Structure formats: structure tokens, C-alpha cells
Amino acid sequence: MESIVLHKLGKPHSIGSSERIQLSGMYNVRKGKIHLPVNRWTRRQAILCGTCLIVSSVKESQTGKMHVLPLIGGKVEEVKKHQHCLAFSSSGPQSQTYYICFDNFTEYLRWLRQASKVASQRISSVDLSCCSLEHLPANLFYSQDLTHLNLKQNFLRLNPSPSTSRALSELQRFTKLKSLNLSNNNLGDFPLAVCGIPTLTELNVSCNALRSVPAVVGEMHNLQTFLLDGNFLQSLPDELEHMHQLSYVSLSFNEFTNIPGVLEKLTAMDKLCMSGNCMDTLNLQVLKRMPHIKHVDLRLNSIRRLEASEIDFLHHVTQVDLRDNKLGELDATVFNNVEVLHCERNQLVTLKISGYFLKALYASSNELVHLDVYPVPNCLAYMDVSRNHLENLPEWVCDSRKLEVLDVGHNQIRELPARLFYNSSLRKLLAGHNMLGRLPDRLERIQVEVLDVQHNQLLELPSNLLLKADSLRFLNASANKLEMLPPATLSEETHSILQELYLTNNNLTDKCVPLLTGHPHLKILHMAYNRLQSFPASKMAKLEELEEIDISGNKLKAIPTTIMNCRRMHTVIAHSNCIEVFPEVMQLSEIKCVDLSCNELSEVTLPENLPPKLQELDLTGNPRLALDHKTLELLNNIRCFKIDQPSAGDASGAPAVWSHGYTEASGVKNKLCVAALSANNFCDNREALYGVFDGDRNVEVPYLLQCTMSDILAEELQKTKNEEEYMINTFIVMQRKLGTAGQKLGGSAVLCHIKHDPMDPGGCFTLTSANVGKCQTVLCRNGKPLPLSRCYMMSCEEELKRIKQHKAIITEDGKVNGVTDSTRILGYTFLHPSVVPRPHVQSITLTPQDEFFILGSKGLWDSLSMDEAVEAVRNVPDALAAAKKLCTLAQSYGCNDSISAVVVQLNVTEDSFCCCELNGVPPPSPGIFPQSVNVVIKDRPTDALGMPSSSSGMASEISSEISTSEMSSEVGSTASDEPPQVAMNENSPAYPGEQRCMLHPVCLSNSFQRQLSSATFSSAFSDNGLDSDDEEPIEGVFTNGSRVEVEVDIHCSRAKEKQLLQVPVETSDEGIVISANEDEPGLPRKAEYSATGTIGRRRGNGSVAPQERSHNLIEVATDAPLRKTGGYFAAPAQPDPDDQFIIPPELEEEVKEIMKQHQEQQQQQQQQQQRQYPMDHLADYYDTPL
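Residues 1228 to 2413 in this note's numbering are what the sequence shown spells out, letter by letter.
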């Protein structure tokens, strides 16, 4: 019986939850010989874990350093001098002994039986991989009977320091060793010692920077498997021909330019493994001299042609893999007995294959216009020719009698032959993303189980399709122009077994709903974004097996009450409708997710007890909805509950420069592996930060990125203003902060930062996007998509070259070491330097022609192209509804992964687009979006996961600004800071001949003009409200008792050459911002305010990062927003008219001195101007150093 001994220093990882732990407890322990007085009994933690005894080195401690005693081959003996005492001894010349006294006979007997079984075993297998070993540990040699030894991913050296004798040469002591793994140790030279192990049958020396293989390897006559991948080999010694039992040699990812001749003499080999080398020509004459080779793997080379001079046929080759080469055409008829052919991701225009024994053809992602297979492949079962340029399906395909799966998606096919559907063996037909105008009529009995015809131009489906398709279980006809569905039965009896039906994004009306009752076994129904106005209750009642329904984006006013009949229903998605009455979904015992956002709900009817499995309820985007305190308290128990922020008053004013909406959805495994970041007021109210993070299959990394990246970016902004530099530094620092979580886990990320430099007179808003992995951003400019991201994968020539230089192994699924298909991604530090976190960075100046931009995770972009995504939401005025639509479309188009989408709408007009350099003449603005300010509230207990730092830039925001207010859930905004409008004489000499934009207005004298002052604060937002407000705060300023911080943002533009003075202020990077404005005497204007806010807590789906409890409360407002008992905020609608500008005490003297100097300068300037201009025509102005 084989077992594994893990030799580790220190405490084993996850010792309290390890599955290998058999027994544990606190007992009296004594080390060494029992009769020596120096060794005393102490109470310590003892653990029987796997094949080892682990004893803590500290008294009464369960943590810290642990002593590991291997028991295999050792002894477990009773100690008669002490009651309930056992002696544990290891084997070998340096054996150690521990004595343990147990508290009772039961434990004593249990330990005796279990430990005796372990000690009686003979060690045969040892796993010391990933242990950071520099030399072989001494206790490895306790047993000479090892048969399997794993030493991969260490730092072993051929010749370690002279102080130790445990070099690799000592491996010869294992005379029974059969398998040895030395991969990923960067040895540099071949370990000659292994050639002296006569019993060795398997040797792995991959990824060791080997440049040659010594001739002495020919002495290993019993070797059967020899792995040499990921080295710098260019040749092999001729002595390999003496290894007659060698049946598998792997030479992938080396530097071979041709097939080594010595392989011709290794007749036991049946597979040629030379992927990832430097071959540009495949000489078939060499393969003819190797009749023992059946499988040829030459993927990821640079093969451009096949040299087949004087070659008739290669009868012995049955499998050929030529993926990811540079072939323009391929005549594979020379392989007349080929069974499986891989030629994906080449540049093939024509392909010829012999069909005698062909079973599987993989030719996707080429440029095929012609596909010739002769004779008709009667054995063909699988065929994938998707993502090519085929206009017609070859006729021979219909004659393939055993064809089960056919994928012709993403081509230019206009018609499918009727004979294809008569194939009795065809089970799966994927014909989406073509140009099909119709499907064959008058179909007879068909055996297709899965039919995908999405993204075509179908006006209707065949009238008898569902009547004849008795085996059809899955039908996806989304993104067509369907107006009606064919019937499933002509009588009350039906034979339909259809379980999944996707009809999203068509023109279906209410007339098609009654036809759904012909599918009583329907489980998943997607009919989003059609023209439905009602769903009859009688029809819903007959769909008793329905589990998931998505009817979003229609004009439904109600969901029928008969949904109660669907006892298995777990997901109801009905956002973006006109629903006025809350449906009876809370009566369903299996319900998990309910999305009723963007409707017209006014009240919610709930049972006394919520469904036990309910995890998510989304009620955002219902402006008329008002919930009482009792309802809020009940709904607050849901893991993810979303609701709008109540309005705090009317507001009108400047339009919003940006507003956002986001949504997230878990995958088929009900595991949310994505997260979104939104900070409308990042650092100050002139910046914004948005992000999307995708962990693929892990939850930890997206959450850590969501909680940390905004803080890091805020810190990097203090060091440099160069966009590329601070974005790259942010990702690199984030890589370090991932710590142990980023060693074997990783995630994609995209960040979008909007900033504006008020000190630059000609400055505009700049959008900077940075991404790694498959999260991407696209900007809509003049209705056209403008990609701002790039995916670094194996398909990128420069990335593939870099990966090959680092000798990483790319597996057959296109992943680095079988882990990730992205070469630039956060985490996965154990794959460095092959996988790096350096992002792609692109900056662009925003103009009035920029309408919106989209951030999406991998699942979104795998399902929708950027053109389709932009076109889908361009005419959706609400950002939240736009994000919801993208998510729904992706799910209906076949996405099974977690999805996250953020839509940021832009309104860059004259108010926020600097045109000073253009003499004040602004460019035209599209003006397609309404000028609105929207807010989000998320208020619920945080998860048990860790909390972010108090300076998190994605924490909740509360902004009180001059803006229009249009409430919509999960949408935040940043309003334009419009200065007071002051009537001026056109002939005023204050700024002769200069026109200014709204971002850089003219200031007048004898008046203190103040833009929206901003300060940041953080709060825990406990259930009892904000931080304590027992003490009355100072008017206009709130402090935490240790410091007062005020940040003033003022744009004064008297002249471009005038130097602006700055007062040093302390700022915090909190994501919660309160901005206040005040009316100055002598400047009559009407000030109307909008209170917008965000209360963000970590949702159950990871949508908003949690906040850390902090007392750094810094506000600039007359009234602090107070927490209502209902669990939400109400920010003040109007500021106190007596609000005054308060100078922080620590800056008071410095500000006074600056003000004094500045006033003296102003007096001198006024005297000079009085000599030039009459007093009655002089406009007053006053420039503040702030």
C-alpha cells in the first residue's frame, strides 16, 4: 500500500481542517529517553496526521513551530511504567522518540490502534514537491525502499554547498526507485546521478534549462517514459537507440528545427510529441521512415508547408495535430488512414482530407472557403468548422451516416440543406451566427436533441419543426426576427420533451404564449426583449416544471399569480418591464433569485416568513416604490437585497458629466466569481473610477481586487500623474498585495479612471483604461465602438514568443501549464515569468461625441461582440437598464459563466468640455442621454469576509451637489460644477478678448467665489446610524477629534499666465464625499440642491465592497446625513445659508499670511487699473489663493 509523506518545516497549512488529520488533542508529552531527568513532561498539542506525528514545540500551544515525526517504518510501543502512555519512534539511524500520556484508556486505545497501522506500513512514495528545497532532506533517506519520488518545483542544485552531502548524487542510494520527478528545478545541466539508478522506468526533467542530453542516458535500459519538455534542446544523442523499452519521449517546447533522426530507431514509441518547437517545414519523408509513429503532435510550431516529395501515403499515421501553425492551405490526403485531424487557428483557405477512416475533424478559426473530404466519411462523428468563411455546407456532410455533432457557427451560410435534418445519427447542430434566412420546410421525423440557430435572420421557424422533433431538448433561436412560434401539438396530447427554450431578442408577441403550453416539460424559458404585453395566467399554470424564466425587456404589467403552480421555480427575472403589482413569487419554496428592477412597483407584498432559499432580491429602478420600516427589516435578512435610495428633495441644475449602472450574475454553479467597482467621486468630485474583476472559478481574488485596487490607485496618483505609469504601478502593487491568495489563484481585471486637471487651463476629461486577462472596455464614440482594451493570449504572436522564451508548457486546451489561457493576468505568481500582471493601458480625451463606455467580464465578451454590445444599449437611456440588458443577452446567448457589466453614460458638453484653446467655441454634443443624477443604496450586514481599508475609494459615496435628480437604482453620478452666472458687460476690460469655458469661469472682485468644496470621510454605517453625533459639531466643519481636513476646489482663470497659489491641505481617499456650495453676498443666484448618495456594503453577490469601521469623520456640510431607522440614508436637501468657510486651525496662520500678501498684490493691481480705466466701467474681481 502506497502512502505519501509530506516533509515540511513549521506548522502544516490548515492544520485544523486538514482531511489528513486522524487524531488530535492536548496531552502530556515528553521527548527523548524517559529515564533522563533533563526531559520533562509538558502539556502540548499532538496530532496524528497522515503518516506523521506532529507535536507543538510550545507548551499549551496549538500554533507556532511544530515537530514532525515520520511513523512509517517506525515503532509504536506501550510504556508500562506510566499509565496510558505510548512511545512513538521514527525509523532510521537518527530516529527520535516522543512519549505521550493520554487522559483515559479510550483515547490511549484509539491512538494505539491507529498509529500502529501507520508504523506497520512500508514507505514507497514520497511527495516533496513545492517545498522550496535547496538540497535533499536527511529524513528522506530513512528508508531505502522508495519507488516513487516527486521533487518538482523546488530549488535543487546539482552541487549544493560543501557543508551538506545531500546532493542529487545521493539519489543513487535508492536502488528500488521507479519514478523520479525533477521538473521545474532550473538545474541547468542534466543530473548524471540518475543514470546510475537501474530500476528507473520514468524520469521527468522538464523545465530545467537543459541544453543537452548526455550520451550516458543510453545506460538506462529500463526507462520507459522520458520527459524533456520546456528546455533548450536542439538535438538528441544517438545513444538513445539503446533504450529499447523507451515508449514515450516528450520533446515539446524546446528548440528543435526538425525531427531528430534517432527517434526512427525507438520502435517502441507510437507518439511524436514536438509541440512548441521551431519547425517551419514538416518533412513527410522523415515520418515515412518512422512506421511505428501513429500520433503526430506538432502544434504551436511555425509550420508553413508540408514537404511531401516522392510520398504516396503515410498509412501508419492515424492522428495529426497541426493547431496554431501558419498553414495557408493543407492537403492532408497523404494521411490516408487519418482518424483525427486538428488544424484549428491556422490561416487555411482550402482543406483536403481523406475520409476513409476520418472520425473527428477540428478546423475552427481559419479562413476556409472550401472544404473537400473524399470519399464520404462514413465514420465521421464530430465536425467543427466554426469561425470560417463558408457560404454553403458541403454536400458530403449530409451523407455522413454517423455524424453526431456538427458545429458550423460563425460562418456565412445562408441555407441548410433539408437532407441534413434527415440524418438519424445527428444529435447536436450548432448553426448560430450565420446568415440563415429560413430553415427547410416540411421536415419529417428528426432526431436532433440540441439545435442552436441564434444570430441569424430567421423570420419564422418551420411550421412542423416542433411537431417532428420528438427528441429536441434544447432550442436557441435568440437574436432573430421571429414573430411567431410553431405549434408543438395539434391536439391536447403532446410528445414534446423540450426542456430549454431561448427566444430572447426577437419580435414575439402575445400570440405565441399559448403555444408554450405544448411543452409541459419546459424548465428554462428566456423570452426577454420581445414585444410581450401580457402572459395569460392559464398558460403559466400549465408550465408546472418551469424552474427559470426571463421575460425582461418587454411591456408586461403583471406576472400571473398562477406562477404559484411552478413549484420548482428558483429564478424569476423580469426587469425592464411595466410591472405595477408585486408577483406572488415569495410563496414559492424553491425561489432563490428575483429581479424586478426597472419597473413601476409601488408596494411589496410579503408573507410572514421569507422563502428559506431566497438569496437575491433586486427592486432597484422602481421610483414609486416606498417600503415601510417593517418590510425593510424583513427584506434586510436576504443575502443580497437591492433597493433605491429615497429622494431627499427636488433638484435642478447642471447636467451630470457621467452616470453609471452595473449588474452581476452568477454562473450555472450558483457561484459569483466576479465583482464590480464604482466610485463616482474618486479622490475628489472631478474624478471617477470603475472596475470589473473576474476570477473565472474562484471568488477570493475578485473580492480582494474590489476591496484594494482603488486604494492602491489613489496612492499611486500621489506619486505620478502619468496615466500609463500610475496604472501599471497599480497592477504591479496589487499583484504583491494578493499575497498567498495570488500564488495559485488569479483573476482578470479592468480599471477605467476619469480624471480632470483643474490646474491646466486647457485641460479636459481624460479616460484611462487598463486591463489584464479577458475583462475589457469599449467606448462608444459617434455610435461606433472604440476598443480600449486588449486580451493577451496565445493567439498574440509576441505573447506566444515570450511564453516560449520562458519555456512554459502550453497544454492542448491552450493554457499555460494547464492553468490559464491569459498571459497577462493578476495572480498565478507560481507561473512567473510566463504569466505577468503588466496591463495594457490606453488613455483617451473625452469629447462630446463620446456617448458611453462599457466594462465587462469574460462571460460578457465571450457572448457578445463589442459592436453588438454597443448597438444593444446605445438607445437605452438608463445606465442600470443598459447593464441589465447586456447581462440578460449574454445569458440567453449561452453564457454559463459569472457575468459583470458596468455601463457609464457620458454627457461631455460645453459645461465639462474645456474649449479655452478653441476661443470658447465648443464642439457639438450628441446630447442623447437625459441630464440626470442617480443614486444607489445597498444596506445590509456585511459578509463574514474581510473588510477593506478605510481609505477604500470604492466605498459608499454621498454627494450633495447642484444637479438634476432622477432616481434610479445602482446608478451614481458626478454633477458638473457650474459656477454662479454673473452678468457682465460685453466690453468689460477684465479679460479683454478672452473667452472662457464653463470649467474655467471668470471670478469677480470683492466676492469670495467658491466651487463645490469637498472633503472625504468614512463610517462604519452600523445598524444604529452613523458615528456618534452626541456632541454638537462646529458650524460648517466636522472633525474626528484629532484633525480637521478641508479640501477646496476653485477654478479661477483671470489669465493663463497668472500663477495660482495653493494652500497645502490634508486629503483622505475615502470614497464617501460630501460637497457643499454656498451663496456669497452680492452674488444673487438661485441655488437648488440634489442629495445623491450611496451606502455600499458587501452584497451577497460581491457587488459593493464593504466598509471598514473608522472614525476619520471629515465633513464639510451644515448637517450630517443621519441614518433612518428603516435602514437607509437621507442626505440634507438644502445647506444652511449661514454655512461659512472655516480654516483648519493648523493652517490658520499660514492662510492668513498668504491672504495678506495676496490682498497687497490686489491693491497694487487695482491702483494700476484705475489709472487705465474709469471706475464706473471697472468690473470687480477677487482672486483667492485657495
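Quick reminder that beta carbons are idealized off the backbone N, C-alpha and C, glycines included. Note that the structure is predicted; figures quoted are calculated from it, not measured.
Residue environment, residue i, which counts as buried when at least 16 other CB atoms sit within 10 Å
| i | result |
| --- | --- |
| Q1933 | buried |
| D1871 | buried |
| Q2393 | exposed |
| C2007 | buried |
| I2322 | Residue placement at I2322 is poorly supported in this model, since its pLDDT is 32, which falls under 50; the coordinates are not used for a value here. |
| N1734 | exposed |
| R1913 | buried |
| H1471 | exposed |
| Q1684 | exposed |
| K1982 | buried |
| R1572 | buried |
| S1829 | exposed |
| F1868 | buried |
| A1853 | exposed |
| A1436 | exposed |
| D1877 | Confidence at D1877 is low in this model, with a pLDDT of 39, below 50, so its placement is unreliable and no value can be given for it. |
Reference residue i; option with closest CA among the options
| i | options | result |
| --- | --- | --- |
| I2037 | L1743, V1256, N1481, R2008 | N1481 |
| K1708 | K1750, K1695, S2061, G1664 | G1664 |
| H1746 | N1528, S1761, E1719, H2033 | E1719 |
| Q2032 | P1518, K2011, G1503 | G1503 |
| S1474 | G1848, R1794, T1452 | T1452 |
Within 8 Å, strictly: CB atoms of residue i and residue j
| i | j | result |
| --- | --- | --- |
| R1975 | V1999 | It is Ser, not Arg, that sits at residue 1975 in the sequence shown. In contact: S1975 and V1999 (Cβ atoms closer than 8 Å). |
| E1534 | L1514 | no |
| K1379 | S1343 | no |
| S2061 | A2096 | no |
| P1714 | L1742 | yes |
| K1840 | C1805 | no |
| Y2019 | C1979 | no |
| V1680 | A1704 | yes |
| G1301 | S1316 | yes |
| V1612 | L1598 | yes |
| H1797 | K2111 | no |
| A1706 | H1682 | yes |
| P2443 | L1643 | As displayed, the chain neither begins before 1228 nor continues past 2413, which places residue 2443 out of reach and without an answer. |
Start and end residues, alpha helix (DSSP H) containing residue i
| i | result |
| --- | --- |
| Y1335 | 1332-1346 |
| H1856 | 1856-1862 |
| G2086 | 2085-2090 |
| K1655 | K1655 -> not in any alpha helix (DSSP H); beta strand (DSSP E) instead, spanning 1655-1657. |
| S1202 | Absent from the structure is residue 1202, since the part of the chain shown begins at 1228 and ends at 2413. |
Boundaries of the beta strand (DSSP E) in which residue i is found, first to last residue
| i | result |
| --- | --- |
| M1936 | Note, M1936: premise wrong, no beta strand (DSSP E); alpha helix (DSSP H) at 1927-1946. |
| M1253 | 1248-1258 |
| Q2132 | 2126-2133 |
| F2057 | Here F2057 belongs to no beta strand (DSSP E), and DSSP marks it neither H nor E. |
| C1979 | 1973-1982 |
| Q1546 | 1546-1548 |
| Y1326 | 1324-1328 |
| Y1953 | Careful: Y1953 lies outside any beta strand (DSSP E), inside the alpha helix (DSSP H) at 1950-1964. |
| A1903 | 1901-1906 |
Any C-beta of chain C under 8 Å from that of residue i
| i | result |
| --- | --- |
| I1959 | This model lacks chain C altogether, as it is built from one protein chain only. |
Practice task
Assess, as a yes-or-no matter, whether the segment 1398-1416 is touched by the segment 1424-1442 under the definition of 3 or more beta carbon pairs within less than 8 Å.
Solution key: Yes: at least three Cβ pairs fall under 8 Å.
Handout entry: Three CB pairs or more closer than 8 Å across the segment 1861-1870 and the segment 2096-2106
Key = By the C-beta criterion, the segment 1861-1870 is judged not to be in contact with the segment 2096-2106, since fewer than 3 inter-stretch pairs fall below 8 Å.
Exercise for the section: Flag this pair as touching only if the segment 1620-1633 and the segment 2040-2059 have three or more C-beta atom pairs under 8 Å; answer yes or no. Expected result: Cβ pair count under 8 Å is below three, so no.
Problem - contact_flag[the segment 1487-1494, the segment 1525-1543] where n(CB pairs < 8 Å) is 3 or more - result: Taking a cut-off of 8 Å on C-beta distances, the segment 1487-1494 does not touch the segment 1525-1543, as fewer than three cross pairs fall below it.
Practice task
Answer yes if the segment 1772-1779 comes into contact with the segment 2071-2082, meaning at least three C-beta pairs across the two stretches below 8 Å, and no otherwise.
Solution key: Between the segment 2071-2082 and the segment 1772-1779 there are fewer than three inter-stretch CB-CB distances shorter than 8 Å, so the stretches are not counted as touching.
Handout entry: Meets three-Cβ-pair contact criterion under 8 Å: the segment 1946-1960 and the segment 1919-1927
Key = Contact between the segment 1946-1960 and the segment 1919-1927 is absent, because fewer than three Cβ pairs lie under 8 Å.
Handout entry: Segment contact, 8 Å Cβ cut-off, at least three pairs: the segment 1763-1771 with the segment 2126-2136
Key = The segment 1763-1771 vs the segment 2126-2136: no contact.
Handout entry: At least three beta-carbon pairs within less than 8 Å, the segment 1328-1344 to the segment 1357-1376
Key = Verdict: no, contact absent.
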